[in-house]
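Numbering (our numbering), first residue to last: 3 to 203.
For each residue, glycine too, the CB sits at the ideal point set by N, CA and C.
Beneath this line is the structure, given in structure tokens, with notes to follow.
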Amino acid sequence: MRAEKLEYARLQEANQKSEAAAYHLFEEWLNDIERDLEQEDKTLLLTFDEFEILAEAGHAIYLNLSLLLDWFRSVMQNHPRLALLFSGERTFSEMGPHWVSHFVTVQTLRVSFLHPAEVRKLITQLDDPDFSAEQPFNEDIVEEIIRVTACHPFLVQAICSVLIDSLNLEERTQAHISDVRTAVNQVLDRWNNYFLDLWIR
3 MRAEKLEYAR LQEANQKSEA AAYHLFEEWL NDIERDLEQE DKTLLLTFDE
53 FEILAEAGHA IYLNLSLLLD WFRSVMQNHP RLALLFSGER TFSEMGPHWV
103 SHFVTVQTLR VSFLHPAEVR KLITQLDDPD FSAEQPFNED IVEEIIRVTA
153 CHPFLVQAIC SVLIDSLNLE ERTQAHISDV RTAVNQVLDR WNNYFLDLWI
203 R
């Protein structure tokens, strides 16, 4: 879908008047987008990963958090073609009453470990109809990935990513069990900050 570009300079200019003016300009632009979405019978999903950082930005006065939360609530109430997805480690209730009052209508979905059948499907069933190559992971490798990750979504993704990178680099089409062991070590090295953060939490 083509959309008219909202120039950042226009937002900056509006923001010099007030932060509310910048939101108003963005809202007008979104209204045009929403008309196009209506014609195409589509919904635009806006995602906010690690949304808790918005609270830190509000406390540091990088942004007016109340204004932003008001805007989020307005989007949920007045824009049926826009959907908001917030992902993070905390729920809105854990963020405090100010957050809860803005997100009373949201649905909370807890994401945890996958089931082994879900991991098998994730690894072996590709959604790309143009992909005709042989499956790079046999059943033994899939079982080993399940074993070493305990079906943790991030770890499954990280291990598979490292394995595919290795296969591409070495111009191979099939992984071996020894590749999984190597991939585990590479994941531990490459994502050490992830594991440190997990340990601290």
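1. Just the Cα atoms here: how many angstroms apart are L199 and Q188?
2. I'd like to confirm the pairing. Which residues does DSSP put opposite L87 in its beta bridges?
3. Have a look at T45 and L165 and give me their C-alpha separation to the nearest angstrom.
4. Secondary structure at I63, three-state DSSP: helix, strand or coil?
5. Going by alpha carbons, who is nearest to E40 out of H61, L157 and P82?
6. What does the alpha-carbon distance come out to for the pair V102 and D34?
7. Taking C-beta to C-beta, are F139 and T126 nearer than 8 Å?
8. If you reduce the DSSP assignment to three classes, tell me which class L71 lands in.
9. Within 10 angstroms of the Cβ of I161, are there 16 or more other Cβ atoms? Answer buried if so, exposed if not.
10. Please list, in chain order, all residues of the same chain as T1 whose beta carbon is under 7 Å from its beta carbon, the five residues on each side excluded.
11. Would you tell me roughly how many angstroms separate the C-alpha atoms of K19 and L65, rounded to the nearest one?
12. Is the stretch 49 to 58 touching the stretch 5 to 16, taking contact as three or more C-beta pairs under 8 Å?
13. Name the two residues that bound the continuous alpha helix (DSSP H) containing R183.
14. What whole-angstrom Cβ distance do I148 and V121 have, given they're in contact under 8 Å?
15. Out of E141, H178 and W193, which has the shortest C-alpha to C-alpha gap to Q159?
16. By the DSSP assignment, the alpha helix (DSSP H) with C162 in it spans what residues?
17. Grouping DSSP H, G and I as helix and E and B as strand, with all else coil, what is T126?
18. Could you say which of F94, P155 and R75 lies nearest to L124 if we only look at CA atoms?
19. Quick one: what's got a C-beta closer than 7 Å to A22's C-beta in the same chain, skipping five residues either side?
So, from the listed chains and residues:
1. Taking the sequence shown and counting its residues from 1, one reaches residue 199 at position 197. Taking the sequence shown and counting its residues from 1, one reaches residue 188 at position 186. It is worth fixing the name first, because residue 199 is Asp in this sequence and not Leu. Their Cα atoms are separated by approximately 18 Å.
2. On the sequence shown, residue 87 is found 85 positions in, with the first residue counted as 1. Bridge partners of L87: T49.
3. Here residue 45 corresponds to residue number 43 of the sequence shown, with the count starting at 1. Here residue 165 corresponds to residue number 163 of the sequence shown, with the count starting at 1. So the two alpha carbons sit approximately 34 Å from each other.
4. Mapped onto the sequence shown, residue 63 falls at position 61. DSSP places I63 in coil when its eight states are reduced to three.
5. As a position in the sequence shown, residue 40 is number 38, starting the count at 1. Looking at the Cα atoms, P82 is the closest of the given residues.
6. If you number the sequence shown from 1, residue 102 lands on position 100. If you number the sequence shown from 1, residue 34 lands on position 32. So the alpha carbons of these two residues sit roughly 30 Å apart.
7. Numbered from its first residue, the sequence shown carries residue 139 at position 137. Numbered from its first residue, the sequence shown carries residue 126 at position 124. Going by C-beta atoms, F139 is nearer than 8 Å to T126.
8. Residue mapping note: residue 71 aligns to position 69 of the sequence shown, counting from 1. L71: helix per DSSP, three-state reduction.
9. Along the sequence shown, one-based indexing puts residue 161 at 159. Counting Cβ neighbours within 10 Å, I161 comes out buried, since at least 16 surround it.
10. Residue 1 is absent from the structure shown; the chain starts at 3 and stops at 203.
11. Numbered from its first residue, the sequence shown carries residue 19 at position 17. Numbered from its first residue, the sequence shown carries residue 65 at position 63. Approximately 15 Å between the Cα atoms of the pair.
12. no
13. The residue labelled residue 183 in the question sits at position 181 within the sequence shown. I179 to R192 is the span of the alpha helix (DSSP H), which, as asked, contains R183.
14. Within the sequence shown, residue 148 is the residue found at index 146, counting from 1. Within the sequence shown, residue 121 is the residue found at index 119, counting from 1. Correct: roughly 5 Å between the Cβ atoms.
15. Position 157 of the sequence shown, counting from 1, holds the residue named residue 159. Of the candidates E141, H178 and W193, the one whose C-alpha sits nearest the C-alpha of Q159 is W193.
16. Here residue 162 corresponds to residue number 160 of the sequence shown, with the count starting at 1. C162 -> alpha helix (DSSP H) spans P155 to L171.
17. As a first step, residue 126 must be located in the sequence shown, where it is residue number 124. The answer is helix: DSSP assigns T126 an H, G or I state.
18. Locating residue 124 in the sequence shown gives position 122, where the first residue counts as 1. When only C-alpha atoms are compared, the closest one is P155.
19. Against the sequence shown, residue 22 aligns to sequence position 20. For A22, where only same-chain residues beyond five positions count, the Cβ hits under 7 Å are L69.
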